[in-house]
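Since the structure comes first, as structure tokens, the remarks are kept for the end.
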Amino acid sequence: MKIFAAVLLNLALVLPACLSPAQAADPLRLGLLHTLSPAPFYMAQHSGYFREAGIDLTFRFFDAAQPIAAAAVSGDLDVGVTALTGGFFNLAEKGTLKVIGGGLHEQRGYEGSAILASNQAYDAGLTGMEKLGGRSFGITQYGSSFHYMIGRIAEAKGFDLKTVTLRPLQQVSNMVAAVGSGQVDATIAIASQAKALVAAKQAHILGWAGDVVPYQLTAVFAPTATIDGKTDVLQRFAKAYQRGVADYRAAFLRLDAQGRPIADANTDAAIKAIVEYVFVGDPDARTKILAGVGYYDEGAALDVADVVAQIVWFKAQGLVKGDADPKSILDTRFLPTR
Amino acid sequence: MARLDGPVRFRGGGFAPRDNRWASAGTLLGLVGLWQMAASAGLIKSLFLPPPIAIGAALWQLIVSGVLWQHLSASLVRLAWGWTSGTFFGIGMGLAVGLWSACRSPGMAVVAALFPIPKIALVPLFIVWFGIGEGSKIATLAFGVFFPTVIATAGAVDNVPRGLIRMGQSFGLSTAAIVRTIVLPGALPAILSGFRVTSSIAIVLLVAAEMIGAEQGIGAFVLSAGNLYDTDNLLAGIVVLSLLGLLVAWAIGQLERALLAWR
Numbered sequence: 002m003k004i005f006a007a008v009l010l011n012l013a014l015v016l017p018a019c020l021s022p023a024q025a026a027d028p029l030r031l032g033l034l035h036t037l038s039p040a041p042f043y044m045a046q047h048s049g050y051f052r053e054a055g056i057d058l059t060f061r062f063f064d065a066a067q068p069i070a071a072a073a074v075s076g077d078l079d080v081g082v083t084a085l086t087g088g089f090f091n092l093a094e095k096g097t098l099k100v101i102g103g104g105l106h107e108q109r110g111y112e113g114s115a116i117l118a119s120n121q122a123y124d125a126g127l128t129g130m131e132k133l134g135g136r137s138f139g140i141t142q143y144g145s146s147f148h149y150m151i152g153r154i155a156e157a158k159g160f161d162l163k164t165v166t167l168r169p170l171q172q173v174s175n176m177v178a179a180v181g182s183g184q185v186d187a188t189i190a191i192a193s194q195a196k197a198l199v200a201a202k203q204a205h206i207l208g209w210a211g212d213v214v215p216y217q218l219t220a221v222f223a224p225t226a227t228i229d230g231k232t233d234v235l236q237r238f239a240k241a242y243q244r245g246v247a248d249y250r251a252a253f254l255r256l257d258a259q260g261r262p263i264a265d266a267n268t269d270a271a272i273k274a275i276v277e278y279v280f281v282g283d284p285d286a287r288t289k290i291l292a293g294v295g296y297y298d299e300g301a302a303l304d305v306a307d308v309v310a311q312i313v314w315f316k317a318q319g320l321v322k323g324d325a326d327p328k329s330i331l332d333t334r335f336l337p338t339r
Numbered sequence: 019m020a021r022l023d024g025p026v027r028f029r030g031g032g033f034a035p036r037d038n039r040w041a042s043a044g045t046l047l048g049l050v051g052l053w054q055m056a057a058s059a060g061l062i063k064s065l066f067l068p069p070p071i072a073i074g075a076a077l078w079q080l081i082v083s084g085v086l087w088q089h090l091s092a093s094l095v096r097l098a099w100g101w102t103s104g105t106f107f108g109i110g111m112g113l114a115v116g117l118w119s120a121c122r123s124p125g126m127a128v129v130a131a132l133f134p135i136p137k138i139a140l141v142p143l144f145i146v147w148f149g150i151g152e153g154s155k156i157a158t159l160a161f162g163v164f165f166p167t168v169i170a171t172a173g174a175v176d177n178v179p180r181g182l183i184r185m186g187q188s189f190g191l192s193t194a195a196i197v198r199t200i201v202l203p204g205a206l207p208a209i210l211s212g213f214r215v216t217s218s219i220a221i222v223l224l225v226a227a228e229m230i231g232a233e234q235g236i237g238a239f240v241l242s243a244g245n246l247y248d249t250d251n252l253l254a255g256i257v258v259l260s261l262l263g264l265l266v267a268w269a270i271g272q273l274e275r276a277l278l279a280w281r
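Residue numbers (this note's numbering), protein chains in the order written: chain A, 2 to 339; chain Z, 19 to 281.
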């Protein structure tokens, strides 16, 4: 009996040590929006790709894009994925952050962000993007990705951005509500929200941003402390992220002959992974995810030419200061470029 | 107890701090100087806190480009409308609460229930009610100014010496005349000191009021600079708000001297 107890005790002491990996994984804190947009990270985490790469990745969720960049500057994050905005570039400009890889990309043929017109404005003749001049337009803030999108749409469609009355509304939910109630003539919303508004007959879709201004919407970035101090961890992180992107593309971005997305067993497996992090317990999760997935480039490539163009645009608007070379805020050693 | 022999030493004095304008200006200038020296010496990174010279340069840029005036004029119009309407209705309700029993308990119950609501939380509601334009912004300011004005006015009326009112009654003055010649002048000093609080509240609320849908306005400017991590302009805007506060306090001081000259 005594021997039996001793064996049991030994087992209890030794077993956990055998189960845990021989080498401790490197901890890494990733800052991301608590939305569908960073889905490849959810999938890579669910499939254990980061663990296999020897990384103990923790998600730090945020509810707005810009605080992610600020948290990285203050040392609370090791790596982040966020929308490229004037605020982000102003912080990066000072040499504290570098863009290392691509995230969501507005792409021709993929429904990412829709340009919405209110019912009142549509009835009064706002039936195309080229007629947005002289109208009011809801954005979150000056220097946001929405501000950038309407600026580039203005260039592409040949109207003057200065004639558009920009209405900063702080939150995406306010933008959707404002266009639905006709308080602004037009705004931009992601596919899932835009389609819901149209289905409720509260707005009209004028077109998709990706068809007019394909561009790098979100990107992976790291503070210089991680890039210099944890170079090899960041390299392994990038590889694991690429595996997540490959799974994501296989699940959501294959199109059939008619250009419609294919949904098969891959898709269902991916949705199962994603609902662990967003739309938890939501019975409509599948529909919402399928309506909301955006485009990721192969291998999480970074659209360098477009990021440089974004910085040039923000500088021309006076929203980003300083005269650092745009390329100096990029570090392309970790992920491919396109 | 020791016996006191001879003349008693003068033990009064003290407890009467005097103002020294030079000391207050000197302290502020000294702090700014220290800040600038620390920044120039590289002790403070400009990313975390821009040096005073950079803030001054940003402010100068705003002035010469005319941008400051665009923002300031939009804000001043909102402040004027919001503060005036909040004060007008606040004094009206404060007088009613202070004068009539029928209004007192119901009025104070409403004020006590609504005053602690953070006005910033009501901004979305105001947008639904008053639209995205000037209406919701003025309403936010007016709502924020209204309640402290009611409390200041009701308290001021309560503190008017009852003896004076009784005297007016025994001389046969009508209620209206008592209110006009005794209650209002007697309550005026406390109402005016209430203005100091409400004008500061209005400036604080400017940022909240201009959060939604404002293209122009110093509060919108500060918010936008903060979002862009444009710290030079952020602090330049804060300096403007602070100067605005000083200016309003000075104006109220002048108003007090003019209206309370009879004291």
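Virtual Cβ for every residue (Gly too), placed ideally from N, Cα, C.
List the DSSP bridge partners of Gln184/A. Paired residues: none, contrary to the question.
Going by DSSP, what residues sit across from Leu252/Z in a beta bridge? Leu252/Z pairs with nothing; no bridge assigned.
Contact list for the segment 51-65 of chain Z against chain D, Cβ threshold 9 Å: In summary, chain D is missing from the structure at hand, where the protein chains are A and Z.
Compute the beta-carbon to beta-carbon distance between Val321/A and Ile312/A, rounded to the nearest angstrom, for a pair I have assumed lies under 8 Å. 6 Å
Helix, strand or coil for Leu170/A per DSSP? coil
Once you ignore the five residues that flank Lys137/Z on each side, which residues in its own chain have a CB closer than 7 Å to its CB? Thr158, Phe161, Gly162, Leu223, Ala226
Considering only residues of the same chain and omitting the five flanking positions on each side of Gly260/A, which have a CB-CB separation below 7 Å? Gly110
Stretch pair the segment 208-228 of chain A + the segment 91-107 of chain A: three plus CB contacts closer than 8 Å: yes
Gly255/Z at chain A interface by Cβ criterion, 7 Å: no
Measure the Cβ-Cβ separation of Arg56/A and Leu29/A and say whether it is below 7 Å. Reading the sequence as shown, one finds Ile at residue 56/A and not Arg. In this structure, Leu29/A lies closer than 7 Å to Ile56/A by Cβ.
Listed from N- to C-terminal order along the chain, which residues in the segment 230-245 of chain Z have their beta-carbon within a distance smaller than 8 Å of any beta-carbon of chain A? Ile230, Gly231, Ala232, Glu233, Ala238, Leu241, Ser242, Asn245
On the criterion of 16 or more Cβ atoms from any shown chain inside 10 Å, does Ala40/A qualify as buried, or is it exposed? buried
Beta carbon of Tyr297/A, beta carbon of Val221/A: below 7 Å? no
For Pro22/A, count neighbouring Cβ atoms within 10 angstroms of its own Cβ and tell me buried if that reaches 16, exposed if not. Note that Pro22/A has pLDDT 47, beneath the 50 cutoff, so the model's placement of it is unreliable and no number is given.
What span of residues does the beta strand (DSSP E) with Trp209/A cover, start to end? 204-209
Any beta carbon of chain Z sitting closer than 7 Å to that of Lys343/A? Because chain A in this structure spans residues 2 to 339, residue 343/A falls outside the shown range and cannot be described.
Would you be able to state if there are at least three C-beta pairs under 8 Å between the segment 246-263 of chain Z and the segment 70-84 of chain Z? yes
Between the segment 185-194 of chain A and the segment 123-142 of chain A, can you find at least three pairs of beta-carbon atoms closer than 8 Å? yes
Indicate whether Asp332/A and Lys158/A have their beta-carbon atoms separated by less than 7 Å. no
Of the residues Ala57/Z, Gly48/Z, Ser217/Z, the one placed nearest Gly271/Z, counting alpha carbons only: Ser217/Z
In DSSP terms, what Ile191/A is bridged to: Ser114/A
For Asp248/Z, return the contacting residues in chain A, with the cut-off set at a CB-CB distance below 9 Å. Gly87, Gly88, Asn91, Gly144, Leu320, Val321, Lys322
Helix or strand or just coil, what does DSSP make of Arg30/A? strand
Are at least three pairs of beta-carbons, each pair with one atom in the segment 191-202 of chain A and one in the segment 59-79 of chain A, less than 8 Å apart? no
Against chain A, which members of the segment 132-150 of chain Z pass a CB distance test of less than 9 Å? Pro142, Ile145, Val146, Gly149, Ile150
Tell me, which residues are paired with Phe60/A by DSSP? Leu31/A
Status (buried if at least 16 other CB within 10 Å, exposed otherwise) for His148/A: buried
According to DSSP, is Ser91/Z helix, strand or coil? helix
Closer than 6 Å to a non-hydrogen atom of the ligand GTP - does that hold for the CB of Pro35/Z? Annotation note on the ligand GTP: not contained in the displayed structure, which lists no ligands.
Measure the beta-carbon distance from Ala118/A to Leu207/A and round it to whole angstroms, keeping in mind my assumption that it falls under 8 Å. 5 Å
Would you list, in sequence order, the uninterrupted beta strand (DSSP E) runs of no fewer than 3 residues that lie entirely inside the segment 33-65 of chain Z? none
With DSSP run on the structure shown, which of helix, strand or coil describes Ala23/A? For Ala23/A, the pLDDT reaches just 47, beneath the cut-off of 50, and the residue's location in the model is therefore unreliable, leaving the point undetermined.
For Ile154/A, does the count of other Cβ atoms within 10 angstroms reach 16, so buried, or fall short, so exposed? buried
Does any C-beta atom of chain Z lie closer than 7 Å to the C-beta of Arg136/A? no
Under the rule that 16 or more other beta-carbon atoms within 10 Å means buried, what is Arg27/Z, buried or exposed? exposed
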